[in-house]
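Single-structure report; data block below.
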Amino acid sequence: MSQEQPQLQGVAGLKKHDIKVSGIVFMLYCLVAAGAFGIEEMIPEAGPGMTLLLLCIFPFIWAYPISSLVAECSSVMPSEGGVYVWVKEAFGEFWGFQTGWWATVSTYITNGVYVALVSGYVSQMIPMSYAGSLALKIGMITIFTIVNLLGLREVGTVSTVLSLLIVAAFLLVAIVGFCNWNANPVEPFMPEDYTLIDGLGGGICICIWMYCGYECISNMAGEVKNPQVIPKGLKIAMPLVALTYVLPTLGGLATLPQGTWEMWSTEGGFSGDHVGYATVLTSNLGQAWGYVFLVIAIISQCAIFNTYLASGSRGFFVLADDHLCPQFLVKVSKNRGVPYVGILSLAVVTFILSFNDFTTLVSMEVVFMLALYIILPISVIKLRHKLPVEERRKRGLYIIPGGNKALIFYCGFPIVIAIIALLINGTDYLTTGLMALCSGPIAYILFRKICGGLSVNDPEGNPVNGFGIPKGDTVRIGVFSLCAGAMAFFGQFWLRWYEISWGEWEPDDYDVFCNVIPQVQTGLAIGGASRLHSTSTSWKRRQNHSSTNTKATGHRNKRCPFLVLC
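Numbering (the numbering used here), first residue to last: 9 to 574.
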């Protein structure tokens with residue numbers, strides 16, 4: 009009698025699926041866009057011309073660099089967990105955990121937004137009581153939880169169907185708009201009396217939000233039989249997203265009466281006080297199309313929720329597989345090979361948060377994601393050193409074209425834009441987000457002590473110090489504190505001008521809200537700097553010792569001190 013094989017848990021127990029390029033494309037489309045909803049708020053904030061300009065520029069300076077970085081890493085390291093695995097490989101356990109924490113907590117925070125939006129959209133068609141809203145939320149979460157429990161292939165199939173409906177609806181908006189062109193879509197370029205900073209400040213943050221999410225597909229790379237379809241899917245999805253944004257927006261601004269640009273809103277077309285993409289159809293094809301587009305808005309939120317339930321549920325699952333989260337999270341279903349505990353836990357948290365006010369939570373999520381977009385390019389540079397381009401070419405892996413000069417562009421623009429966005433989001437976002445970032449090191453130390461971390465499987469390769477954390481982690485925590493403190497310290501000078509001289513805050517309001525927090529962060533910076541000073545002294549001693557050996561051997565290993573400290 010043959011013995012039944014034991015059920016594998018963790019990443020080893022996942023079932024691999026034959027996902028086609030089209031499946032990757034439409035899952036990416038749902039993760040990043042699922043329509044152009046959200047741009048309506050950008051038009052009155054930045055102006056019609058500036059909105060269209062930013063929508064055309066950001067694919068080249070933000071979306072294309074990020075999708076290319078993700079494509080290269082997905083090709084060389086197609087692992088479940090994506091960015092977490094890449095950063096861990098580049099900079100070790102501590103920074104890998106921070107990245108995984110930021111990405112996963114962000115999904116847990118925002119997934120409730122999509123459920124709440126669906127409830128709001130449905131209530132515009134059918135008046136609902138509290139019990140009705142509760143039933144709708146439970147029903148939506150249950151349906152897409154079942155889809156995710158069936159497997160990644162089913163998630164991709166649902167994403168494809170929903171994406172085709174969304175693309176068809178926005179294509180119709182673009183066609184109707186172009187066929188009924190009667191206004192200048194770029195006039196005015198910006199609202200009257202706006203400066204360039206005003207226009208950029210009103211649009212850049214929304215634009216960043218609209219073009220982010222490409223890295224999320226990599227969380228599921230370990231379940232794809234041929235992971236090289238991911239770079240191919242990224243090449244197609246990025247321009248598809250950009251066209252979904254630019255063409256309907258251009259058509260909508262061109263067909264609606266001149267001057268209505270100030271009335272654009274996410275509620276446009278669904279109420280008489282605002283205009284939006286649905287208005288393009290109702291004003292040219294009849295009022296019934298408003299209900300059709302409202303259904304598309306509901307489908308859009310469902311599509312986003314479906315894919316983020318898949319992507320987000322892998323975050324803590326992969327951390328648990330590395331003993332950086334509780335072990336019950338590594339459980340995989342026997343028949344379907346999916347991380348069912350991760351899926352169910354995210355579904356439960358989503359239901360709870362769908363009743364909450366998201367203002368504070370979203371301010372945390374924004375900083376988490378921008379921090380991720382800063383560390384991702386730095387990790388790509390480090391991985392280039394660990395696995396040179398020549399070796400990758402031999403293996404037929406995707407490489408960002410253009411050599412080192414192009415790599416500077418692909419890595420530099422996302423970092424600069426992310427830092428700018430951190431500052432122009434405002435004091436409340438920056439301070440709340442920086443304090444939330446501090447949860448990462450705390451969670452790392454806590455889970456490392458409870459679960460054991462990478463030392464469980466490789467104690468020799470991951471030795472711990474007297475505090476029970478890996479050697480060098482106190483330095484890495486110092487680097488983290490220094491970076492957070494420096495951001496707050498230097499940011500407060502900019503934010504004082506931004507909020508008071510340019511914005512609408514009074515000096516007393518700013519002082520009451522903000523003065524204490526930068527001082528705390530500056531304290532972190534001083535603590536981090538002092539720790540780094542002591543470390544740099546020992547590093548110099550090692551370098552002097554290395555120099556002595558160099559004179560004897562004739563070899564010298566050039567390494568960046570910052571990357572070594574990280």
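Backbone N, C-alpha and C fix where the C-beta goes; we use that ideal spot for every residue, glycine too. Note that the coordinates shown come from a computational prediction; the quantities given were computed from them, not determined experimentally.
Quiz item: Bridge partners of P235, per DSSP?
Solution: As a first step, residue 235 is located in the sequence shown; it is residue number 227 there, counting from the start. Partner(s): none; P235 has no beta bridge.
Self-check item: DSSP state of W217 mapped onto helix, strand, coil
Solution: In the sequence shown, residue 217 corresponds to position 209, counting from 1. Helix, per DSSP.
Exercise. Could you tell me whether the region 397–415 touches the region 451–462, using the rule of 3 or more Cβ pairs below 8 Å?
Key: In short, these stretches do not touch, since the Cβ pair count stays below three.
Self-check item: Selection from A286, R392 and V472 that minimises the alpha carbon distance to I174
Solution: Residue 174 sits at position 166 when you count from the first residue of the sequence shown. If we check each option's Cα against that of I174, A286 comes out closest.
Exercise. Determine the direct distance from the alpha carbon of G185 to that of F66, and round the result to whole angstroms.
Key: On the sequence shown, residue 66 is found 58 positions in, with the first residue counted as 1. On the sequence shown, residue 185 is found 177 positions in, with the first residue counted as 1. Each residue's alpha carbon lies about 23 Å from the other.
Quiz item: Is there contact here, the region 416–434 with the region 384–396, by at least three beta-carbon pairs under 8 Å?
Solution: Yes: at least three Cβ pairs fall under 8 Å.
Quiz item: Nearest CA to the CA of L503: which residue from Y437, V375 and A444?
Solution: Counted from its first residue, the sequence shown places residue 503 at position 495. With distances taken between CA atoms, L503 lies nearest to Y437 out of Y437, V375 and A444.
Practice problem: Identify every residue that forms a DSSP beta bridge with P478. | Solution: To locate residue 478, count along the sequence shown from 1; it is residue 470. In DSSP, P478 forms a bridge with V472.
Exercise. Express the C-alpha separation of G120 and F363 in angstroms, rounding to a whole number.
Key: Taking the sequence shown and counting its residues from 1, one reaches residue 363 at position 355. Taking the sequence shown and counting its residues from 1, one reaches residue 120 at position 112. Taking the straight line joining both Cα atoms gives about 8 Å.
Quiz item: Relative to the alpha-carbon of R344, which residue among G18, V19 and K23 has its alpha-carbon at the smallest distance?
Solution: The residue you call residue 344 lines up with position 336 of the sequence shown. Comparing Cα positions, the closest option is K23.
Practice problem: Return yes when the Cβ of G89 is within less than 8 Å of the Cβ of G207, no when it is not. | Solution: Against the sequence shown, residue 207 aligns to sequence position 199. Against the sequence shown, residue 89 aligns to sequence position 81. No. Outside cutoff.
Quiz prompt | Proximal residues to E373 (C-beta, below 7 Å), its chain only, five neighbours per side dropped | solution = For the purposes of this step, residue 373 is identified with residue 365 of the sequence shown, where counting begins at 1. If we look at E373 and ignore the five residues flanking it on each side, its Cβ neighbours are S114, I117 and T118.
Quiz item: Whose C-beta lies closer than 6 Å to the C-beta of V288 among residues of the same chain, with five residues either side of it excluded?
Solution: Taking the sequence shown and counting its residues from 1, the one referred to as residue 288 is at position 280. The residues are V181, V184, G185, G260 and T263.
Quiz prompt | Pair within 8 Å by beta-carbon distance, P296 and F45 | solution = As a first step, residue 296 must be located in the sequence shown, where it is residue number 288. As a first step, residue 45 must be located in the sequence shown, where it is residue number 37. A small correction: the amino acid at residue 296 is Ala; Pro does not occupy that position in the sequence shown. The answer is no: Cβ separation not under 8 Å.
Quiz prompt | contact_flag[the region 222–237, the region 67–81] where n(CB pairs < 8 Å) is 3 or more | solution = Taking 8 Å as the limit for Cβ pairs, the verdict is that the region 67–81 does touch the region 222–237.
Quiz item: Are L430 and L378 close, meaning C-beta to C-beta below 8 Å?
Solution: Working through the sequence shown from its first residue, we reach residue 430 at position 422. Working through the sequence shown from its first residue, we reach residue 378 at position 370. Cβ atoms of L430 and L378: closer than 8 Å.
Quiz item: Thinking just about the alpha-carbon of each residue, which of G43, L157, L63 and H282 is nearest to the one in K342?
Solution: For the purposes of this step, residue 342 is taken as residue 334 along the sequence shown, with counting starting at 1. Out of G43, L157, L63 and H282, L157 has the C-alpha closest to the C-alpha of K342.
Self-check item: Whole runs of the alpha helix (DSSP H) within the region 351–405, excluding any shorter than 4 residues
Solution: 367–394 and 397–402
Quiz prompt | Alpha-carbon to alpha-carbon, G404 and P239 | solution = What you label residue 239 is simply residue 231 of the sequence shown in a count that begins at 1. What you label residue 404 is simply residue 396 of the sequence shown in a count that begins at 1. Taking the straight line from one Cα to the other gives about 13 Å.
Quiz item: Which of the three DSSP states, helix, strand or coil, is assigned to W189?
Solution: What you label residue 189 is simply residue 181 of the sequence shown in a count that begins at 1. Note: W189 maps to coil in three-state DSSP.
Practice problem: Within the same chain, show all residues whose beta-carbon is closer than 7 Å to that of G221, passing over the 5 residues directly before and after it, in chain order. | Solution: The count along the sequence shown starts at 1 and reaches residue 221 at position 213. Here the set comprises L39 and V40.
Quiz prompt | Distance between beta carbons of E195 and G57, contact taken as under 8 Å | solution = Translated into the one-based positions of the sequence shown, residue 57 becomes position 49. Translated into the one-based positions of the sequence shown, residue 195 becomes position 187. Indeed, because the Cβ distance is near 7 Å, the residues count as touching under 8 Å.
Quiz item: Opposite W272 in the DSSP bridges: which residues?
Solution: Taking the sequence shown and counting its residues from 1, one reaches residue 272 at position 264. Per DSSP, V283.
Exercise. My understanding is that G18 touches D329, with C-beta atoms under 8 Å, so please give their C-beta distance in whole angstroms.
Key: Looking up residue 18 in the sequence shown gives position 10. Looking up residue 329 in the sequence shown gives position 321. Between D329 and G18 the Cβ distance is about 4 Å, and since that is below 8 Å, they are a contact.
Quiz item: What residue range is occupied by the uninterrupted alpha helix (DSSP H) comprising W297?
Solution: Mapped onto the sequence shown, residue 297 falls at position 289. Element bounds for W297: A296 to D329.
Exercise. Taking the CB atoms as reference points, tell me whether I149 and V123 lie closer together than 8 Å.
Key: Position 141 of the sequence shown, counting from 1, holds the residue named residue 149. Position 115 of the sequence shown, counting from 1, holds the residue named residue 123. Cβ atoms of I149 and V123: closer than 8 Å.
Self-check item: Cα-Cα separation, K233 to K28
Solution: By one-based count along the sequence shown, residue 233 stands at place 225. By one-based count along the sequence shown, residue 28 stands at place 20. For K233 and K28, the distance between alpha carbons rounds to 10 Å.
Quiz prompt | Start and end residues, alpha helix (DSSP H) containing G100 | solution = Counted from its first residue, the sequence shown places residue 100 at position 92. G100 -> no alpha helix (DSSP H), and no H or E assigned at all.
Quiz item: Would a C-beta distance cut-off of 8 Å place A42 and A250 closer than the cut-off?
Solution: Stepping through the sequence shown from its first residue, residue 42 is reached at position 34. Stepping through the sequence shown from its first residue, residue 250 is reached at position 242. No, the Cβ-Cβ distance between A42 and A250 is not below 8 Å.
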